[in-house]
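Numbering (the working numbering), first residue to last: 83 to 334.
Yeah, the Cβ is synthetic: ideal placement off N, Cα and C, and Gly gets one too.
Predicted model, so just to flag it, every value in this text is computed and none were measured.
Have a look at the structure below, then the notes.
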Ligand SMILES: NC(=O)c1ccc[n+]([C@@H]2O[C@H](COP(=O)([O-])OP(=O)(O)OC[C@H]3O[C@@H](n4cnc5c(N)ncnc54)[C@H](O)[C@@H]3O)[C@@H](O)[C@H]2O)c1
């Protein structure tokens with residue numbers, strides 16, 4: 083299979099888009115390391131595909147826990163070939179209510195953890211002359227969504243993706259981002275607040291912006307990931323790939 087012998091680390095892997103990525107990577111032959119603040123063990127047991135899979139409980143907003151997860155991966159597999167920085171938090175953050183503490187906590191998980199994992203695994207990728215880093219971007223930066231800390235973090239992820247591509251382009255390591263539109267995951271559906279449109283209303287509004295007018299599910303993103311981590315995508319780097327049913331076709 084395409085990813086036989088490759089080790090893939092996926093953050094935010096216990097549910098949602100991240101678990102969908104794990105399923106696809108496992109089906110394509112990779113050893114999958116599922117990293118999540120919630121124990122991903124149940125999902126890991128179901129992965130199949132023949133790889134040597136592992137679940138790691140880790141709060142990626144805590145650099146010490148990231149270091150420990152990295153050490154575990156290196157000890158067991160030697161290196162990480164494919165890093166999927168998928169985890170993110172998206173609390174409501176209005177301008178008049180957001181605190182500096184909450185702002186920093188969002189950037190720590192959504193942005194800084196990408197840097198920490200990339201910095202830790204890049205030497206092994208460079209030495210191997212092959213590596214793939216795929217970050218979770220977002221097309222939602224193109225909508226009227228008002229979550230200050232989240233929107234800033236995702237804009238930064240897009241910039242960080244290009245900056246990391248600059249760093250690693252000479253060594254066979256590509257860095258790209260997948261930008262979903264709106265996906266009906268547990269994380270999104272669970273974030274209703276009385277003074278905001280309901281999750282269902284937002285889904286209806288975003289779906290109407292798409293040319294493909296159905297709700298997106300995690301499986302819609304998995305094919306894009308499979309391509310970006312393949313040998314076929316070896317000349318694709320620094321890109322933000324919008325996988326959103328056409329939501330951002332007018333530019334983002
Ligand atoms: N769902 C969408 O509509 C949508 C749209 C655009 C972008 N995205 C991005 O896709 C990614 C996945 O989104 P989702 O909808 O599947 O989210 P989700 O909330 O359903 O899943 C996120 C996972 O990340 C984990 N996580 C959260 N904080 C963590 C931490 N500190 N350490 C380790 N793990 C942590 C959670 O436990 C959860 O398992 C995110 O980066 C999100 O920003 C999602």
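Counting only the Cα atoms, residue 247 lies some 14 Å from residue 203. In this structure, DSSP gives residue 196 a helical state, which the three-state scheme calls helix. DSSP places residue 164 in the strand class (E or B) of the three-state scheme. Annotation for residue 105: the continuous alpha helix (DSSP H) segment containing it runs 98–109.
Annotation for residue 213: the continuous beta strand (DSSP E) segment containing it runs 213–218. Apart from the 5 residues on each side of it in sequence, residue 94 sits with its Cβ closer than 7 Å to the Cβ of 100, 118, 168, 169, 170 in its chain, given in chain order. Taken in chain order, the whole beta strand (DSSP E) runs of length 3 or more contained in the stretch 109–188 are 113–118, 136–139, 164–167.
In terms of Cβ geometry, residue 311 and residue 85 form a close pair [threshold 9 Å]. Under the three-state reduction of DSSP, residue 311 is assigned to coil, being neither helix nor strand.
Residue pairing by DSSP places residue 298 opposite 265 in a beta bridge.
In this chain, the beta strand (DSSP E) harbouring residue 323 covers 322–325. The beta carbon of residue 242 is closer than 8 Å to those of 193, 196, 197, 217 in its chain, skipping five residues each way along the sequence. In the DSSP annotation of this structure, the continuous segment of the beta strand (DSSP E) that includes residue 90 starts and ends at 89–93. With respect to residue 155, residue 89 sits close: the two C-beta atoms are nearer than 9 Å. Residue 260 has 218, 323 as its beta-bridge partners, per DSSP. Between ligand 1 and the CB of residue 258, the shortest heavy atom gap is not smaller than 8 Å. Counting the other Cβ atoms within 10 Å of the Cβ of residue 329 gives 16 or more, which makes it buried.
Residue 221 sits close to residue 261, with the two beta carbons spaced by under 9 Å. Under the three-state reduction of DSSP, residue 191 is assigned to helix. Just measuring C-alpha positions, the residue of 164, 172, 134, 279 sitting nearest residue 232 is 172. Measuring C-alpha to C-alpha distances from residue 227 to each of 150, 174, 313 identifies 174 as the nearest. Taking 8 Å as the cut-off, one finds at least one heavy atom of ligand 1 near enough to the beta carbon of residue 141. Boundaries of the alpha helix (DSSP H) harbouring residue 235: 230–250, taken from the DSSP string. Residue 318 is not bridged by DSSP to any residue. The bridge partners DSSP lists for residue 255 are 213. With a threshold of 8 Å, the Cβ atom of residue 298 counts as near ligand 1, since some heavy atom of the ligand is closer than that.
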